[in-house]
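Note that UniProt numbering gives residue 224 to position 224 of the sequence shown, counting from 1, and the numbers run on in steps of one.
Glycine is no exception: its CB is placed at the ideal position from the N, C-alpha and C atoms.
Since we're looking at a predicted model, the values are computed, not measured.
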Amino acid sequence: MSESNINNRNLIPPCQNACPVKTRARDYVAEVAMSRLEEAYAIITENNPFPSVCGRVCMHPCETDCRRNQVDQPISIAALKRYAADYINENKLFLDKPAVKKSGKKVAIVGGGPSGLAAAVKLAEAGHEVKVIEKNKKAGGMLRYGIPKYRLDDGALDEDIKRIKAKGVKIETSKGVEDSSVLHEFREDSDAVLVSIGLSESRALPIEGMDAKGVHLAIPFLTACSSDNGPKIGKKVLVIGGGNVAIDAARSARRLDPKAKITIACLESADEIPASPLELEEADEEKIDVRNCMGPKRVEINNGKVSGMHFITCASVFDEKGQFSPVFMDHEKHFIEVDTVIVAIGQQSNIDFLPEPFKKNGRIVLDNEILAITDDGLFACGEVARGPGAAISAIANGNEAARIINLYLAEKEIHTLEDNDEVIAEVPATISSSRIVKIDRQQTELVEPSVRVKNFKEFDNGLSKRSATKEALRCMDCGSGAFVEAEKCISCLTCVRVCPYWVAKIDPESSIATMPVEGCQACGACAAECPAKAIDLKGYALEGVHSQLTEAFKKKKPTTVGFLCQTGKEVDFGAAHIIRVKCPIRLETEALLKPFELGAKKVFVICHKDTSCRYIEGPKYIRRRVGYLKEMLDNIGVGGENIEVFEKSEKENISKFMKAGKEKVKVKK
Numbered sequence: 001m002s003e004s005n006i007n008n009r010n011l012i013p014p015c016q017n018a019c020p021v022k023t024r025a026r027d028y029v030a031e032v033a034m035s036r037l038e039e040a041y042a043i044i045t046e047n048n049p050f051p052s053v054c055g056r057v058c059m060h061p062c063e064t065d066c067r068r069n070q071v072d073q074p075i076s077i078a079a080l081k082r083y084a085a086d087y088i089n090e091n092k093l094f095l096d097k098p099a100v101k102k103s104g105k106k107v108a109i110v111g112g113g114p115s116g117l118a119a120a121v122k123l124a125e126a127g128h129e130v131k132v133i134e135k136n137k138k139a140g141g142m143l144r145y146g147i148p149k150y151r152l153d154d155g156a157l158d159e160d161i162k163r164i165k166a167k168g169v170k171i172e173t174s175k176g177v178e179d180s181s182v183l184h185e186f187r188e189d190s191d192a193v194l195v196s197i198g199l200s201e202s203r204a205l206p207i208e209g210m211d212a213k214g215v216h217l218a219i220p221f222l223t224a225c226s227s228d229n230g231p232k233i234g235k236k237v238l239v240i241g242g243g244n245v246a247i248d249a250a251r252s253a254r255r256l257d258p259k260a261k262i263t264i265a266c267l268e269s270a271d272e273i274p275a276s277p278l279e280l281e282e283a284d285e286e287k288i289d290v291r292n293c294m295g296p297k298r299v300e301i302n303n304g305k306v307s308g309m310h311f312i313t314c315a316s317v318f319d320e321k322g323q324f325s326p327v328f329m330d331h332e333k334h335f336i337e338v339d340t341v342i343v344a345i346g347q348q349s350n351i352d353f354l355p356e357p358f359k360k361n362g363r364i365v366l367d368n369e370i371l372a373i374t375d376d377g378l379f380a381c382g383e384v385a386r387g388p389g390a391a392i393s394a395i396a397n398g399n400e401a402a403r404i405i406n407l408y409l410a411e412k413e414i415h416t417l418e419d420n421d422e423v424i425a426e427v428p429a430t431i432s433s434s435r436i437v438k439i440d441r442q443q444t445e446l447v448e449p450s451v452r453v454k455n456f457k458e459f460d461n462g463l464s465k466r467s468a469t470k471e472a473l474r475c476m477d478c479g480s481g482a483f484v485e486a487e488k489c490i491s492c493l494t495c496v497r498v499c500p501y502w503v504a505k506i507d508p509e510s511s512i513a514t515m516p517v518e519g520c521q522a523c524g525a526c527a528a529e530c531p532a533k534a535i536d537l538k539g540y541a542l543e544g545v546h547s548q549l550t551e552a553f554k555k556k557k558p559t560t561v562g563f564l565c566q567t568g569k570e571v572d573f574g575a576a577h578i579i580r581v582k583c584p585i586r587l588e589t590e591a592l593l594k595p596f597e598l599g600a601k602k603v604f605v606i607c608h609k610d611t612s613c614r615y616i617e618g619p620k621y622i623r624r625r626v627g628y629l630k631e632m633l634d635n636i637g638v639g640g641e642n643i644e645v646f647e648k649s650e651k652e653n654i655s656k657f658m659k660a661g662k663e664k665v666k667v668k669k
């Protein structure tokens, strides 16, 4: 199949490009829109075994790069991931162990955090026998012991790990690697060993008074908060640091004492603070103060207990090259009276078990390109290898480590992968500003701040079924729009005339229609109207509608068939057979006539009002198409009154139409 110019380029959506694991967000969002949640989950977990986790705590760079930002707000990609994952978990799906051809190779992984477990899944899928060794009582690493329960409930993490084990991954907990002799045993018993222990220890401040009672390091503090017996804090709590760990510590302290005064002090200015904007917003809702440009100087101690913190002003944090190089103004001094200090300035790993040649200055010595510590099967991945980062970045690095280990075990040349993907450009301003319908982003259900600070329960309850469907349908389907089969195009200009977004063009040299991908909104008007059937719509096949109809008529003989927009409310149409489509604008004449061919007496289409359809002028096109078919059915004696278009609010008219077909309609309240 040859395609016209612009469609030959291997373009991917910006959301997919921004994701560290290259999740096909557009594709799984499309499946959610059609309520095909098992299909959505399968896409999500192609490169990410933590859908429940990432649906809750991912930094979602995909949303930052979402092209919908040019119109209104980005798609809630992370919330839709969670919605699909929660459905799978609740229905106990994807728990069967897949059949995999065994390779006969063994891989040991030290560390059961996100990076190590991601690598374990990929290696198990390749047929290797994989064993993960985790020092804690439960696997999950910092996902379990560093992220507060109000953001990530243990149950969600356990569901992901349950499905990781179902892949054939063996996890041994409460088993640490104390010294190099234990590591040597693993290397003797395995064909490859992967070190993925993460950054599980907090860094202390090199200032006077850090040993005072009431001074805590962030990671042990957060770990204690995850237990039944949380740490004791005072009434005036100070958190030092500006990252997400500092925010987590502050918000956890708020839940330990909703009435305490909680303050965050960081080096960075308000514009530089590295914590996510959402985390900062939620901290503000929970009455947590942030003081910027504060350099900690000394802990004030009274009778062995912390009683305050001395600061000096931080004039700048980074030098001209962007390197960390704070400059302080010693003459500008500050004092904050506190009785609890939590230090969240960074993390490190305990790598004492590694022999000296493999470590230097507290870091692993390795070939960064191929993640190899040695050339005979010892590798490292995750934060211990790459430094601190988001969970999704650790997962991506685990996938890369698995790819490299697979090459090593197959005795193939180890090489890095080049990213040659081209990304779809921005939506042309003439389209984004005036032609794309603005649709409100669906919000997740949040517990009120005054209520949520009283406990560590999850306060974000996710999207409802209806909200998830509506949100998924906001997606602009970037890159899945129309493409032209050049040999079929007859240069009739139909696509140019009907395109609601002014995208279709005729190439002046070839006289073939083209659909520039950056502008196409995948509405399907051109494909439905093209007389030569030269236009296909990626992600939508007429055969799919035909097969649904054919299957329905095999099981029963409905006299009425209805086509509904996917966003329509749940409606009981009696014995009528209902097919939900992403938008009726995509329905070709063949699809609308197929029910009559199979024996139906009546066909109806329910669409939105002109002002509420996600595609501009969408209802106009389907009405015109049905009007043409009415005339055709009259001419052949079937009767044009047997096919109708209704707005979803026309309950009485729909009911009359149904009664004429001896069927009743009941709209559920």
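Q | Cβ of T514 within 8 Å of any chain C Cβ | A | Considering every chain present, this structure includes no chain C. It has just one protein chain.
Q) Is L629 buried or exposed, if buried means 16 or more other CB atoms sit within 10 Å of its CB? A) What you label residue 629 is simply residue 629 of the sequence shown in a count that begins at 1. Buried, by the Cβ-count rule.
Q) For F456, does the count of other Cβ atoms within 10 angstroms reach 16, so buried, or fall short, so exposed? A) One-based indexing of the sequence shown puts residue 456 at position 456. The residue is buried, with at least 16 neighbouring Cβ atoms inside 10 Å.
Q.
Could you give the first and the last residue of the continuous beta strand (DSSP E) run that contains I512?
A. Reading the sequence shown from its first residue, position 512 is the one you call residue 512. Note, I512: premise wrong, no beta strand (DSSP E); not H, not E.
Q | Helix, strand or coil at K656 according to DSSP, with G and I counted as helix | A | Mapped onto the sequence shown, residue 656 falls at position 656. Note: K656 maps to helix in three-state DSSP.
**Q.** Other residues of its chain near N89: CB distance less than 6 Å, five sequence neighbours each side excluded
**A.** As a first step, residue 89 is located in the sequence shown; it is residue number 89 there, counting from the start. Shown here for N89: same chain residues with a beta carbon closer than 6 Å to its own, the five before and five after excluded, namely E159 in chain order.
Q.
Please state the DSSP three-state secondary structure of Q16.
A. Here residue 16 refers to the residue found at position 16 when the sequence shown is read from its first residue. In this structure, Q16 counts as helix in the three-state DSSP scheme.
Q | Of the residues R386, S180 and G242, the one placed nearest D352, counting alpha carbons only | A | As a first step, residue 352 is located in the sequence shown; it is residue number 352 there, counting from the start. The residue with the shortest Cα to Cα distance from D352 is S180.
Q | Nearest-angstrom Cα separation, counted from E134 out to I207 | A | As a position in the sequence shown, residue 207 is number 207, starting the count at 1. As a position in the sequence shown, residue 134 is number 134, starting the count at 1. Each residue's alpha carbon lies about 33 Å from the other.
**Q.** Identity of the residues DSSP links to H334 by a beta bridge
**A.** In the sequence shown, the residue the question calls residue 334 occupies position 334. DSSP links H334 through a beta bridge to F311.
Q: Would you check if the segment 83-99 and the segment 376-387 touch, i.e. whether three or more CB-CB distances between them fall below 8 Å?
A: Taking 8 Å as the limit for Cβ pairs, the verdict is that the segment 83-99 does not touch the segment 376-387.
Q: Taking only the alpha-carbon atoms, compute the straight-line gap between Y615 and K505 and give it to the nearest angstrom.
A: For the purposes of this step, residue 615 is identified with residue 615 of the sequence shown, where counting begins at 1. For the purposes of this step, residue 505 is identified with residue 505 of the sequence shown, where counting begins at 1. So the alpha carbons of these two residues sit roughly 19 Å apart.
(Q) For E422 and L11, I'd like the C-alpha separation in whole angstroms. (A) On the sequence shown, position 422 is the one that residue 422 refers to. On the sequence shown, position 11 is the one that residue 11 refers to. Inter-residue distance for E422 and L11 is about 5 Å (C-alpha atoms, whole angstroms).
Q) DSSP three-state call for E63: helix, strand or coil? A) By 1-based counting over the sequence shown, the position of residue 63 is 63. E63: helix per DSSP, three-state reduction.
Q: Could you pull out every unbroken alpha helix (DSSP H) segment of at least 4 residues lying fully inside the segment 27-92, listed in chain order?
A: Those alpha helix (DSSP H) runs which fall completely within the segment 27-92 and span 4+ residues are 37-44, 51-57, 61-64 and 77-90.
Q) Secondary structure at E300, three-state DSSP: helix, strand or coil? A) Start at 1 with the first residue of the sequence shown, and residue 300 comes out as number 300. Residue state for E300 is assigned as strand, using DSSP reduced to three classes.
Q. In three-state terms, what does DSSP make of V169?
A. Start at 1 with the first residue of the sequence shown, and residue 169 comes out as number 169. Here V169 sits in coil by DSSP.
Q: Check the DSSP bridge columns for G562 and list the partner residues they point to.
A: Start at 1 with the first residue of the sequence shown, and residue 562 comes out as number 562. Beta-bridge pairing links G562 to I578 and F604.
Q: Answer yes if the segment 438-445 comes into contact with the segment 459-473, meaning at least three C-beta pairs across the two stretches below 8 Å, and no otherwise.
A: Yes, since at least three Cβ pairs between the segment 459-473 and the segment 438-445 fall closer than 8 Å, the two stretches touch.
Q: Tell me whether I370 sits in a helix, a strand or coil according to DSSP, three-state version.
A: As a first step, residue 370 is located in the sequence shown; it is residue number 370 there, counting from the start. The DSSP-derived three-state label of I370 is coil.
Q. Taking three-plus beta-carbon pairs below 8 Å as touching, is the segment 149-156 in contact with the segment 193-202?
A. The answer is no - the segment 193-202 does not touch the segment 149-156, with fewer than three Cβ pairs under 8 Å.
Q.
Give me, in chain order, the residues of the same chain whose beta-carbon lies closer than 6 Å to that of V177; leave out the 5 immediate sequence neighbours on both sides.
A. Stepping through the sequence shown from its first residue, residue 177 is reached at position 177. Once the five neighbours on either side are set aside, the close Cβ partners of V177 are V110, L183 and F353.
Q. From Q521 to G574, what does the alpha carbon distance come to, in whole angstroms?
A. Here residue 521 refers to the residue found at position 521 when the sequence shown is read from its first residue. Here residue 574 refers to the residue found at position 574 when the sequence shown is read from its first residue. Going by the C-alpha atoms only, they are around 35 Å apart.
Q: Give the DSSP-derived three-state secondary structure of H415 in the structure shown.
A: Locating residue 415 in the sequence shown gives position 415, counting from the first residue. Assigned with DSSP and collapsed to three states, H415 falls in coil, not helix or strand.
Q: Would you check if the distance between the CB atom of A120 and the CB atom of V169 is smaller than 8 Å?
A: By 1-based counting over the sequence shown, the position of residue 120 is 120. By 1-based counting over the sequence shown, the position of residue 169 is 169. Contact flag set, yes.
(Q) Going by beta-carbon coordinates alone, are S349 and S200 separated by less than 8 Å? (A) Position 349 of the sequence shown, counted from the first residue, corresponds to residue 349. Position 200 of the sequence shown, counted from the first residue, corresponds to residue 200. At a Cβ-Cβ threshold of 8 Å, S349 and S200 count as neighbours.
**Q.** Beta-carbon gap between M476 and R68 smaller than 8 Å
**A.** As a first step, residue 476 must be located in the sequence shown, where it is residue number 476. As a first step, residue 68 must be located in the sequence shown, where it is residue number 68. Yes. Within cutoff.
Q. Contact check, E518 vs A429 under 8 Å by CB: the rounded distance?
A. The residue given as residue 518 occupies position 518 in the sequence shown. The residue given as residue 429 occupies position 429 in the sequence shown. Rounded to whole angstroms, the Cβ separation of E518 and A429 is 11 Å, and the two are not in contact under 8 Å.
**Q.** Distance CB(A192)-CB(I436) smaller than 8 Å
**A.** Within the sequence shown, numbered from 1, the residue matching residue 192 stands at position 192. Within the sequence shown, numbered from 1, the residue matching residue 436 stands at position 436. For A192 and I436, no; Cβs fall outside 8 Å.
(Q) Counting C-beta neighbours from all protein chains within 10 Å, is the total for F324 16 or more, i.e. buried, or is it exposed? (A) By 1-based counting over the sequence shown, the position of residue 324 is 324. Result: exposed.
Q | alpha helix (DSSP H) segment containing D271, residue limits | A | Your numbering for residue 271 matches position 271 in the sequence shown. For D271, there is no enclosing alpha helix (DSSP H), since its DSSP letter is neither H nor E.
**Q.** Proximity below 8 Å, CB of C607 to CB of E647
**A.** Locating residue 607 in the sequence shown gives position 607, counting from the first residue. Locating residue 647 in the sequence shown gives position 647, counting from the first residue. Contact annotation: C607 and E647 have beta-carbon atoms nearer than 8 Å.
(Q) For the segment 314-332 against the segment 292-303, do three or more pairs of beta-carbon atoms, one drawn from each stretch, fall closer than 8 Å, so that the two count as touching? (A) Segment contact: the segment 314-332 against the segment 292-303, three or more CB-CB distances shorter than 8 Å; contact assigned.
Q: May I have the straight-line CA-CA distance separating F604 from G55, to the nearest angstrom?
A: Here residue 604 corresponds to residue number 604 of the sequence shown, with the count starting at 1. Here residue 55 corresponds to residue number 55 of the sequence shown, with the count starting at 1. Distance between F604 and G55, taken at the CA atoms: about 38 Å.
Q. Between V239 and I219, which are expected to be in contact by the criterion C-beta below 8 Å, what is the C-beta distance as a whole number of angstroms?
A. The residue given as residue 239 occupies position 239 in the sequence shown. The residue given as residue 219 occupies position 219 in the sequence shown. Their Cβ separation, rounded to whole angstroms, is 13 Å, which puts V239 and I219 out of contact at 8 Å.
(Q) Pairs of beta-carbons, one from the segment 42-54 and one from the segment 495-505, closer than 8 Å: are there three or more? (A) No, the segment 42-54 is not in contact with the segment 495-505.
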